[in-house]
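**Q** For the sequence shown, the positions run -20 to -1, 1 to 114 when mature numbering (1 follows the signal peptide of the UniProt record, and there is no 0) is used.
Every residue, glycine too, gets a C-beta built ideally from N, C-alpha and C.
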Amino acid sequence: MKKIFFCVMLLFSTSTVANSALDLLDDIADSTLTHHVEPTSKQNHQKSPLDAYILKIHSTITHNFHETKKFSGKRCAAKIAMSRQGKIESILKTEGDSDLCKEVISVIEATDFPRPPSDDVWNQIRTFTLDFAV
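What follows is the structure in structure tokens.
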């Protein structure tokens, strides 16, 4: 099975970022945090609730995406807004291969995502950019 690269860029306004996160990101001038989570089989690796939820999204999308050979070497980025219940409120292609983006958007629109496990996780992921590469 071909590996699909998956990156989530979380978009924050400075009012929603916790002070501890600001301390970690004080050298970043813009309001975008790239959050890359690799699926892992290590049982002893403790994931944050946000990382665990992003991995659920990754698993859900990649499970429903079947065109890996057709789009090999291509990528798509899409901005996504999600409701507290895990429903996609909007999705917009921001860059990338048009055909792959159409397929990714179609898969995302047809997918039932799990509800974010907490308000904190939802507040961090309610608007994000998905960078999808095959």
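Classify Thr91 as helix, strand or coil using the three-state DSSP reduction.
**A** Here residue 91 corresponds to residue number 111 of the sequence shown, with the count starting at 1. Of the three classes helix, strand and coil, the one that applies to Thr91 here is coil, per DSSP.
**Q** Report all residues from its chain with a CB closer than 8 Å to the CB of Arg95; omit the five preceding and five following residues, and keep chain order.
**A** On the sequence shown, residue 95 is found 115 positions in, with the first residue counted as 1. Result list for Arg95: Arg64, Gln65, Gly66, in chain order.
**Q** Lys49: which of Leu110, Glu83, Thr40, Gln104 sits nearest, CA to CA?
**A** Here residue 49 is taken as the residue at index 69 of the sequence shown, counted from 1. Closest by alpha carbon: Glu83.
**Q** For the beta strand (DSSP E) that Thr48 lies in, which residues bound it at each end?
**A** Working through the sequence shown from its first residue, we reach residue 48 at position 68. Segment: none, Thr48 is in no beta strand (DSSP E) and carries neither H nor E.
**Q** So what does DSSP say about Asp111, is it helix, strand or coil?
**A** On the sequence shown, position 131 is the one that residue 111 refers to. Note: Asp111 maps to strand in three-state DSSP.
**Q** Roughly how many whole angstroms lie between the Cα atoms of Gly76 and Pro29?
**A** In the sequence shown, counting from the first residue as 1, residue 76 sits at position 96. In the sequence shown, counting from the first residue as 1, residue 29 sits at position 49. Distance between the alpha carbons of Gly76 and Pro29 is about 29 Å.
**Q** Using a 10 Å radius around the Cβ and a threshold of 16 neighbouring Cβ atoms, would you call Gln26 buried or exposed?
**A** Counting from one through the sequence shown, the residue named residue 26 turns up at place 46. Exposed, because fewer than 16 other Cβ atoms sit within 10 Å of the Cβ of Gln26.
**Q** Closest by CA to Ser78, which one among Ser39, Lys54, Asp31, His38?
**A** Sequence index remark: in the sequence shown, residue 78 carries index 98 (1-based). That would be Lys54, whose Cα lies nearest to the Cα of Ser78.
**Q** Would Leu110 be called buried (16 or more neighbouring beta carbons within 10 Å of its own) or exposed?
**A** Within the sequence shown, numbered from 1, the residue matching residue 110 stands at position 130. So Leu110 counts as buried.
**Q** Can you grab the Cα-Cα spacing for the pair Ile85 / Asp99, in whole Å?
**A** On the sequence shown, residue 85 is found 105 positions in, with the first residue counted as 1. On the sequence shown, residue 99 is found 119 positions in, with the first residue counted as 1. Distance between the alpha carbons of Ile85 and Asp99: 25 Å.
**Q** Below 8 Å CB to CB, which residues in the same chain sit around Val87 once its five sequence neighbours on both sides are set aside?
**A** One-based indexing of the sequence shown puts residue 87 at position 107. Excluding sequence neighbours, Val87 sits near Ile41, Asn44, Phe45.
**Q** Within the same chain, show all residues whose beta-carbon is closer than 7 Å to that of Glu69, passing over the 5 residues directly before and after it, in chain order.
**A** Start at 1 with the first residue of the sequence shown, and residue 69 comes out as number 89. Taken in chain order, the residues that qualify are Ala61, Met62, Ser63.
**Q** Run the CB neighbour count on Ala58, radius 10 Å, all protein chains shown included, and call it buried at 16 or more, exposed below.
**A** Start at 1 with the first residue of the sequence shown, and residue 58 comes out as number 78. Counting Cβ neighbours within 10 Å, Ala58 comes out buried, since at least 16 surround it.
**Q** Grab me the residues of Arg106's own chain with a C-beta within less than 7 Å of its C-beta, minus the 5 sequence neighbours each way, in chain order.
**A** One-based indexing of the sequence shown puts residue 106 at position 126. Excluding residues within five positions, the ones whose Cβ falls inside 7 Å are Ala61, Met62.
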